[in-house]
Structure formats: structure tokens, C-alpha cells
Amino acid sequence: MRTLNLRIVRGGPGRPATYQTYQVSVDEHLNILDAVQKVWATQDPTLLFRHACHHASCGLCGVRVNGRERLMCLTPIAEFPEGATVTLEPLRNFPWVGDLVVDVKPLMDRMAAIQAPYVRKDELTAGSEEGTRFEDCIECGLCMSACPVVGSDSAYLGPSPLAMIKRLLEEPRGRDIQSLCALAGDAHGAWRCHSVMECVEVCPSNVDPSQAIGWLRRYLILRGRRQLAGAERR
Amino acid sequence: MDRTLSSLPVSEHVARASWWRRAAAWVDLHGRREGWLAFILMRVTGIGLVFYLFLHLTVLSTLARGRQAWDAFIALARSPLFVAFDAVLIFGMLYHGLNGLRVILLGLGVGSRRQAVLFWGAFVLSIVLTAVAVRMILMMG
Ligand code: HEM
Ligand code: SF4
Ligand code: FES
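Listed below in C-alpha cells is the structure:
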């Protein structure tokens, strides 16, 4: 067993943010999510947090652990020494709902604008025509929280939506390439990135949005050159 | 309120936020690592270099005021405080240029997994070359 002091942001819109500290003892083989659940179950049923899968696939449990974007279900208790204080705060750059919960609508709106539902053909189970999984990305929003451009440009597409567009262009399967390029090539698309690189570092699912944004830029440049060459020949 | 060329979704809460809240998103260092440090230093040195460009032109304009004015400036330039200023300037130029190469590579999707190593490389190389340059300045003085 390990005893930690969880220092958790409490409050919400219209209620001032305060930190409340809960002392909780949990098995050191578990994760921070288990500790938060234990606090909720045994000390404070009013605590707001989100989770479902407990194994880094639903993408719901993203928070900032000691300032850093992490999935609570992927943050081992064993990382912290006995008696340590661990600060938990909601993600940045999303509207705050309360305590550790944010509204992920900005991310979902962007994925919808790209028409994100995407699944490899060989992954479709018999009878299902539509998939909703985008390869590696679990749409947790950690990268959106870590990116300063998302926090300052309200129309910036953001790391994971751009990584999504890259996957669609890489394997279009009948997608409208023109409109995908219009999104990626927008002033608030791939060109807006400043290579702050935090998206790559916080992504729990190996997506590497920065690499995808660079890929999109190269793609757009080469496509533009081809179009120019075509226009000259005519 | 940001304008957008195509029909991109807009984050209402960011659009509604005051300009200083949005500007603060750039300098919120809480929980950040190398990538962010590299970026902040890039911005500070970039703005510093623009400032220096004008300072440099102002100083050069003393040439137009004759030999005495220029010699007086050269005497000032030999002071330890001025050498310290030179060191900051040289470091800023080197870091901005070297990290600029890093940003160009990363911006084209090259080396993203090595970005932290590339940052420390640019940072340490800038310090080493600054030290060499300062030594040369002191030996000439
Ligand atoms: C060695 C030559 C240089 C290289 C390779 C270089 C490279 C770069 C790059 C890649 C950026 C973009 C950074 C980003 O996306 O955030 C940048 C930004 C900038 N540079 Fe340079 N630069 C050089 C010289 C200069 C000089 C001489 C000045 C000033 C007179 C300058 C002023 C700026 C400014 C003000 C910015 C904007 C910073 C920001 O947006 O945060 N640069 N530079
Ligand atoms: S790219 Fe990574 S950090 Fe961003 S939403 Fe997808 S899984 Fe999360
Ligand atoms: S609980 Fe599903 S990702 Fe953490």
C-alpha cells in the first residue's frame, strides 16, 4: 500500500477554483485513477471526474498530473514516493465543467468537421459498414491541452485533428481530397503550428501529431507545385 | 475574435477570452518541458534581435557624427558591462539561428522524436560558441 495526498482542483464555472487535498492509501501496483475513484467512493461523492475503460482506450480520463497532461489510468501510483502530494487539475484549452471534468466539444467539433469516423477495412466486423475508431488516436485531448496555439487561436484545428487529416490523405479511400486539403491548408490549419512539440511528448498513444503536421505541409507544397505545373502546361 | 478562411469550427470559449488570457496561453510554463522552453527562448531571442537591429542602426549613425563620437562609442564598447551585453547578444543570435534550423526540420516533419535532444544540442552549442566568441573579444581587447 502507498499513501498519497491528492491535491485536486474543485469548483466550476461561477464557483471559485480551490484545491482540496485528500489522503488516500492504495496498492502501489494501481494507477492514479484508482486512487481518485477511492477518494470518490470513500471520502467525497461530489468529486467530478471522467473515466470508462481503465486501460488507455476510451480517452476520457485525461487530466494534468503535477502540471503535465496524462491519462489517470496510465499514471502509476508507483511513480510517486510514499506520502507524496500529487496535484490533479483539469485539462487546459477546453471549457471547464467542474473539478477534473472539461467539455471536449471543441475537439469533437473538429473531428466532425473532418468527418473523422475512420476504420481500416480489415478491422470492420461482419455487417458493420461504419467504424468510429481513428487508428492510434483515442481522442483524449491531451495534445489539445498541451498546445499553446489551441489556447490562443480559437479556430486552430489542433494537433490530433491535423494528424487525423494526414491519415485520411494517406489512405483516402474515396474521401474528398480537395476539402481535406482546404482544411489542412487553411491559415488555422497545418501552417499555424509553431513546433512547440508538447503534443508529441504528452500523447499516450504514439500518434506524433507534429510529424503529421510536417507531412501535411510537404503534401500541400508538392500538391501546389503539381497544380501550378499543370496550369502552366494548359 | 479570430477570422477563419473556411468553415472551421471555432472554440467559443477561446474566442470569447480576453486577448491577455489568450496571450497568457503562450507563457503558461506549468508542467512544460524542452519543446516549450525552446519555443519561449525562440520568441524572446527573435524579438530581442529585432530590437537589436534598431539599436545597431542607431549606434552606426554615430559614424555620421564624426570620428570623435565613434571613438567615444568604441571606448564604451570595451567596458566589461558592454562585453556582457555582447555575450547575451551573441548567445541570442546563435540560439535563434541554430534552433531556427531545428524548427525548420521539425516543421517539415523531420526529427520530432528527437526534438528534445536537438534542443539541448542547439542550446549547449550556443553556449560553447558564445564562450569562444567572448574569449576572442577579450583577447582582442
Ligand atoms: C540565422 C538566421 C535565422 C534563422 C534560421 C531564423 C529562423 C526562425 C524560425 C524558424 C522562426 C519561426 C519560429 C516559430 O515558428 O515559432 C523564427 C522566428 C522569428 N525570428 Fe528568426 N531566424 C533567423 C534570424 C532572425 C533575425 C536576424 C531576426 C531579427 C532581426 C529574427 C527575428 C525573428 C522573430 C521576431 C521571430 C518570431 C518569433 C515568434 O513568433 O515567436 N530572426 N526565426
Ligand atoms: S493525438 Fe494523442 S494526445 Fe492527441 S487526442 Fe489523439 S491520442 Fe490524445
Ligand atoms: S479510463 Fe479510458 S483512457 Fe483512461
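In the order they appear, the protein sequences are chains X and U.
Going by my numbering, the first residue of the first sequence is number 1, and it counts up by one from there.
Going by my numbering, the first residue of the second sequence is number 1001, and it counts up by one from there.
Glycine residues also receive a C-beta, built at the ideal position from the N, C-alpha and C atoms.
Whole-angstrom distance between Glu171 (chain X) and Ala1084 (chain U), CA atom to CA atom | Ala1084 (chain U) and Glu171 (chain X): Cα-Cα distance of roughly 55 Å.
Integer Cβ distance of Phe1082 (chain U) from Thr1130 (chain U), believed to fall under 8 Å = No, Phe1082 (chain U) and Thr1130 (chain U) are not in contact; Cβ-Cβ is about 15 Å, not under 8 Å.
Secondary structure of Glu1034 (chain U), DSSP reduced to three states | Annotated three-state conformation of Glu1034 (chain U) is helix, per DSSP.
Could you tell me which uninterrupted alpha helix (DSSP H) segments, each at least 4 residues in length, are contained entirely in the segment 1073-1131 of chain U, listed from first to last along the chain?
-> Unbroken alpha helix (DSSP H) stretches of 4 residues or longer found wholly inside the segment 1073-1131 of chain U: 1080-1107, given in chain order.
Smallest Cα separation from Gly62 (chain X): which of X:Glu89, X:Val39, X:Gln43, X:Ser25?
-> Here the closest residue by C-alpha is X:Glu89.
When the cut-off is 8 Å and only beta carbons count, does Thr1004 (chain U) lie next to chain X?
-> Unreliable positioning characterises Thr1004 (chain U) in this predicted model, as indicated by a pLDDT of 48, which lies under 50. A coordinate reading is not provided.
Compute the beta-carbon to beta-carbon distance between Met164 (chain X) and Met111 (chain X), rounded to the nearest angstrom, for a pair I have assumed lies under 8 Å.
-> That belief holds up - the Cβ atoms of Met164 (chain X) and Met111 (chain X) are roughly 7 Å apart, short of 8 Å.
Taking the alpha carbon of Glu139 (chain X) as the point to measure from, which residue in X:Asn206, X:Val24, X:Gln20 has its own alpha carbon closest?
-> Of the candidates X:Asn206, X:Val24, X:Gln20, the one whose C-alpha sits nearest the C-alpha of Glu139 (chain X) is X:Asn206.
Hey, how far is the Cα of Leu107 (chain X) from the Cα of Thr1058 (chain U)?
-> So the alpha carbons of these two residues sit roughly 49 Å apart.
Using a beta-carbon distance below 8 Å, is Ile177 (chain X) in contact with chain U?
-> So no, Ile177 (chain X) is outside the interface.
Classification of Trp215 (chain X) by the beta-carbon crowding that lies within 10 angstroms, buried from 16 upward | Looking at its Cβ environment, which holds 16 or more other Cβ atoms inside 10 Å, Trp215 (chain X) is buried.
At a cut of 8 Å, does the segment 181-199 of chain X reach the segment 1101-1115 of chain U through at least three beta carbon pairs?
-> Of all C-beta pairs linking the segment 181-199 of chain X to the segment 1101-1115 of chain U, three or more are shorter than 8 Å, placing the two stretches in contact.
Is His55 (chain X) near the ligand HEM, with its Cβ less than 7 Å from a heavy atom?
-> It does not: the Cβ of His55 (chain X) is nowhere closer than 7 Å to a heavy atom of the ligand HEM.
Tell me, to the nearest whole angstrom, how far the beta carbon of Glu28 (chain X) is from that of Ile77 (chain X); I am working on the premise that it is less than 8 Å.
-> Rounded, the Cβ-Cβ distance is 5 Å, consistent with contact.
Could you work out which residue in X:His55, X:His54, X:Ser25, X:Ile32 is closest to Thr42 (chain X) when comparing CA atoms only?
-> Distance check between Thr42 (chain X) and each of X:His55, X:His54, X:Ser25, X:Ile32 places X:Ser25 closest, using alpha-carbon atoms only.
Please report how far the alpha carbon of Asp1002 (chain U) lies from the alpha carbon of Leu180 (chain X), in whole angstroms.
-> Per-residue confidence for Asp1002 (chain U) stands at a pLDDT of 42, beneath the threshold of 50, marking its modelled position as unreliable; the derived number appears in the next sentence. If I take the Cα positions, the gap works out to 21 Å.
Nearest candidate by alpha-carbon position, reference Ile8 (chain X), set X:Ala190, X:Arg233, X:Ile177, X:Val39 | Of the candidates X:Ala190, X:Arg233, X:Ile177, X:Val39, the residue whose Cα lies closest to the Cα of Ile8 (chain X) is X:Val39.
Report the rounded CA-to-CA distance for Arg70 (chain X) versus Gly1046 (chain U), giving the unit in angstroms.
-> Taking the straight line joining both Cα atoms gives about 32 Å.
In its own chain, which residues sit with a C-beta less than 8 Å from the C-beta of Trp1020 (chain U), not counting the 5 before and 5 after it?
-> For Trp1020 (chain U), where only same-chain residues beyond five positions count, there are no Cβ hits under 8 Å.
Close beta carbons around Val1134 (chain U), own chain, < 6 Å, minus the five adjacent residues each side = Residues Ala1087 of the same chain have their beta carbon placed closer than 6 Å to that of Val1134 (chain U), with the five preceding and five following residues left out of the count.
Answer yes or no: the CB of Ala52 (chain X) versus the heavy atoms of the ligand FES, is any distance below 7 Å?
-> Yes, the beta carbon of Ala52 (chain X) sits closer than 7 Å to at least one heavy atom of the ligand FES.
Heavy atom of the ligand FES within 7 Å of Gly1109 (chain U) beta-carbon | The answer is no for Gly1109 (chain U).
On the DSSP bridge assignment, give the partners of Ile8 (chain X) in chain order.
-> For Ile8 (chain X), which the question treats as bridged, DSSP gives the partners X:Gln20, X:Leu88.
Take the Cβ of Pro16 (chain X) as the centre, count every other Cβ of all protein chains shown within 10 Å, and call the residue buried at 16 or more, exposed below.
-> Exposed is the call here.
List in chain order: all unbroken alpha helix (DSSP H) runs of 4+ residues lying wholly within the segment 54-114 of chain X.
-> Taking only runs of at least 4 residues, the alpha helix (DSSP H) segments lying wholly in the segment 54-114 of chain X are 105-113.
Short Cβ contact (8 Å threshold) for Arg68 (chain X) with Val202 (chain X) | Taking 8 Å as the Cβ cut-off, Arg68 (chain X) and Val202 (chain X) qualify as a contacting pair.
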